[in-house]
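As structure tokens, the structure follows; a few thoughts come after it.
In this note's numbering, the protein residues as written are 290 to 409.
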């Protein structure tokens with residue numbers, strides 16, 4: 290699995306070639322504001338290693354999931370009034386994935402009313 294992809298918008302953001310509103314980052318992942326938010330707080334948690342989706346992770350890359358959840362916890366703990374939040378991963382085109390670089394949606398600031406009320 291290559292570390293970056295030359296035609297991937299998330300890889301370009303990670304490399305600093307495309308600007309983004311960065312919330313936090315570490316050596317493994319970055320958190321940015323979604324440019325088309327579906328909630329008052331809508332972030333994308335993106336591993337720095339280019340992997341298309343969960344199905345393409347190999348056994349040596351499972352730690353990526355842990356890193357994404359660690360950043361989600363860090364971001365969640367910084368929310369005012371300890372707001373609740375949702376984490377969503379769309380895996381594959383039929384599941385709604387539009388950028389084929391594994392990422393997790395972090396949404397907060399609105400009540401959840403059902404499984405299909407927000408299309409990501």
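Even glycine gets a Cβ: it sits at the ideal position worked out from N, Cα and C.
| query | Is it a yes or a no for the region 304-317 touching the region 341-349, going by three-plus beta-carbon pairs under 8 Å? | reply | The region 304-317 makes no contact with the region 341-349; the number of CB pairs closer than 8 Å stays below 3.
| message | With a threshold of 7 Å on Cβ separation, who are the neighbours of residue 392 within its own chain once the five nearest residues in sequence on each side are excluded? | response | In the chain shown, residue 392 corresponds to position 103, counting from 1. Cβ within range, chain order: 299, 333, 334, 335.
| said: Would residue 389 and residue 341 qualify as a contact pair, given that the criterion is a beta-carbon distance under 7 Å? | reply: One-based indexing of the chain shown puts residue 389 at position 100. One-based indexing of the chain shown puts residue 341 at position 52. Using a Cβ distance threshold of 7 Å, residue 389 and residue 341 count as a contacting pair.
| request: Run the CB neighbour count on residue 357, radius 10 Å, all protein chains shown included, and call it buried at 16 or more, exposed below. | output: For the purposes of this step, residue 357 is taken as residue 68 along the chain shown, with counting starting at 1. Classification for residue 357: buried.
| If we ignore side chains and look at the alpha-carbon of each, how far apart do residue 306 and residue 296 end up? | Here residue 306 refers to the residue found at position 17 of the chain shown. Here residue 296 refers to the residue found at position 7 of the chain shown. Going from the Cα of residue 306 to the Cα of residue 296 covers about 12 Å.
| query | Leaving out the 5 sequence neighbours to the left and right, which residues in its chain are closer than 7 Å to residue 355 when beta-carbon positions are compared? | reply | Looking up residue 355 in the chain shown gives position 66. The answer is none, since no qualifying residue turns up.
| said: Assuming residue 357 is part of the alpha helix (DSSP H), what are its boundary residues? | reply: Taking the first residue of the chain shown as position 1, residue 357 is located at position 68. Note, residue 357: alpha helix (DSSP H), 352-366.
| query | So, helix, strand or coil for residue 317, using DSSP? | reply | Numbered from its first residue, the chain shown carries residue 317 at position 28. Of the three classes helix, strand and coil, the one that applies to residue 317 here is coil, per DSSP.
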